[in-house]
Amino acid sequence: VIEQSVNEARFANITADIMELITEITGVTTDGIRSTDDLYNAGLKSLAAIRLIAALEDRFDIEFPETVLHRGAFSTIDRIRATLVALLPSDTCEA
Amino acid sequence: MAAYSAALRELVSLSGAVNPRFALCDLLVSLLPRYALGGVRAELYRLAGCQLAPAVTVQGPLVMLGAGPATQRLRVGSGCVIGPSATFVLDGEITIGQNVSIGPSAAFHTATHNIGFGSRRMQLLTHAYAITVEDGVWIGAHSLVMPGVTVGRGSVVSAGSVVTESVPANVLVAGNPATVRESLPFGNR
Numbered sequence: 021v022i023e024q025s026v027n028e029a030r031f032a033n034i035t036a037d038i039m040e041l042i043t044e045i046t047g048v049t050t051d052g053i054r055s056t057d058d059l060y061n062a063g064l065k066s067l068a069a070i071r072l073i074a075a076l077e078d079r080f081d082i083e084f085p086e087t088v089l090h091r092g093a094f095s096t097i098d099r100i101r102a103t104l105v106a107l108l109p110s111d112t113c114e115a
Numbered sequence: 004m005a006a007y008s009a010a011l012r013e014l015v016s017l018s019g020a021v022n023p024r025f026a027l028c029d030l031l032v033s034l035l036p037r038y039a040l041g042g043v044r045a046e047l048y049r050l051a052g053c054q055l056a057p058a059v060t061v062q063g064p065l066v067m068l069g070a071g072p073a074t075q076r077l078r079v080g081s082g083c084v085i086g087p088s089a090t091f092v093l094d095g096e097i098t099i100g101q102n103v104s105i106g107p108s109a110a111f112h113t114a115t116h117n118i119g120f121g122s123r124r125m126q127l128l129t130h131a132y133a134i135t136v137e138d139g140v141w142i143g144a145h146s147l148v149m150p151g152v153t154v155g156r157g158s159v160v161s162a163g164s165v166v167t168e169s170v171p172a173n174v175l176v177a178g179n180p181a182t183v184r185e186s187l188p189f190g191n192r
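As structure tokens, this is what we get:
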């Protein structure tokens, strides 16, 4: 149970970070956007998307392999989070 | 006067010169379905004298002009994709690096002319300046790349741009004349 709540907190932080970076890069607030909404339908362009990917790498100190650099992996906040979590080392998740 | 007659001779030779091998390849290329058989089309342009590396895709008929052995002045690196109706004016060399994407109807002009008197503003003598497009570049549809320009590695030329001056690496340019609008991430990957 404790582990689960730690994980939930960790995921909450990651989601908040993703939303903050989206706002920073696009200048658009994420208030009305649900975590499952398609960001491209909401107006995300490929140029902003690649900036977002670069910002995520900086923020989380990771490097996305070329295999995940496709539209599907970054199309919603949930998918971005899943793509990130798969790359983050498990012992640094709480950071 | 001597320069004028030399230019006139050049014009006559230009309009009269037909490279039979290029003419045949050009005809065969035009028979292929557009967007399909890009490798076959590339092979035909190789036969016509173009220096295309392996794994170059040509999605439709190209326009190639220029005095003398024009087709031999086009060099394209591996992994490039060239859209239909791209135009290469090959009085000077055009060198395209690896993994370059060229949109439909983009045009590369190596030739220019001096401005003359009002009775014929374009002087007939051709001046040629080489064009270089470095690795990874994306040239948008209907862009115009002017004589002497180098487009730096990893840059993007937005559709319909007119590139009059060289472009640095890893930027996005747009407009007429094209100017730098954005720098692009991941320049080294």
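Just so you know, the sequences run in chain order A and B. Heads up: the first sequence begins at 21 in my numbering, then just goes up one per residue. Heads up: the second sequence begins at 4 in my numbering, then just goes up one per residue. By construction, the Cβ of each residue, glycine as well, lies at the ideal position given by its N, Cα and C atoms. The structure presented is a predicted model; accordingly, all values stated were derived computationally and were not measured.
{"Item": "Between Gly3 (chain B) and Thr60 (chain B), is the Cβ-Cβ spacing less than 8 Å?", "Value": "Residue 3 (chain B) cannot be examined here, being either before or after the span of chain B that is shown, 4 to 192."}
{"Item": "Quick one: what does DSSP say Asp37 (chain A) is sitting in, helix, strand or coil?", "Value": "helix"}
{"Item": "In whole angstroms, what is the alpha-carbon distance linking Ala106 (chain A) and Val166 (chain B)?", "Value": "42 Å"}
{"Item": "My output table needs one value for Ala114 (chain B): the three-state DSSP class, helix, strand or coil.", "Value": "strand"}
{"Item": "Between which two residues does the alpha helix (DSSP H) containing Val152 (chain B) stretch?", "Value": "From DSSP, Val152 (chain B) is part of no alpha helix (DSSP H); its letter is neither H nor E."}
{"Item": "Please tell me whether Ala102 (chain A) has its Cβ less than 8 Å away from any Cβ of chain B.", "Value": "no"}
{"Item": "To the nearest angstrom, how far is the alpha carbon of Ile73 (chain A) from that of Thr46 (chain A)?", "Value": "12 Å"}
{"Item": "Counting only C-beta atoms, is Ile70 (chain A) closer than 8 Å to chain B at any point?", "Value": "yes"}
{"Item": "Tell me the DSSP bridge mates of Phe186 (chain B)?", "Value": "The sequence given here places Ser at residue 186 (chain B); Phe does not occur at that position. In DSSP, Ser186 (chain B) forms a bridge with B:Val174."}
{"Item": "Return the Cβ separation of Arg79 (chain A) and Leu41 (chain A) in integer angstroms, given the expectation that the two are a contact with Cβ distance under 8 Å.", "Value": "6 Å"}
{"Item": "Determine, using beta carbons only, whether Ser161 (chain B) and Val170 (chain B) come nearer to each other than 8 Å.", "Value": "no"}
{"Item": "Taking the alpha carbon of Asp37 (chain A) as the point to measure from, which residue in A:Glu77, A:Thr56, A:Asp57 has its own alpha carbon closest?", "Value": "A:Glu77"}
{"Item": "Chain B partners of Leu67 (chain A), CB-CB under 9 Å?", "Value": "Val159, Leu175, Glu185, Leu187"}
{"Item": "Hey, could you find the ends of the beta strand (DSSP E) Leu67 (chain A) is sitting in?", "Value": "From DSSP, Leu67 (chain A) is part of no beta strand (DSSP E) but of the alpha helix (DSSP H) over 66-80."}
{"Item": "Count the other CB atoms, across all protein chains shown, that sit within 10 Å of the CB of Ser164 (chain B); report buried if there are 16 or more and exposed otherwise.", "Value": "buried"}
{"Item": "Measure from the C-beta of Ala93 (chain A) to each C-beta in chain B and report whether the shortest distance is under 8 Å.", "Value": "no"}
{"Item": "Under a CB-based cut-off of 8 Å, is Ala36 (chain A) close to chain B?", "Value": "no"}
{"Item": "In terms of alpha-carbon separation, which member of B:Leu50, B:Leu27, B:Leu68, B:Pro87 lies closest to Ala39 (chain B)?", "Value": "B:Pro87"}
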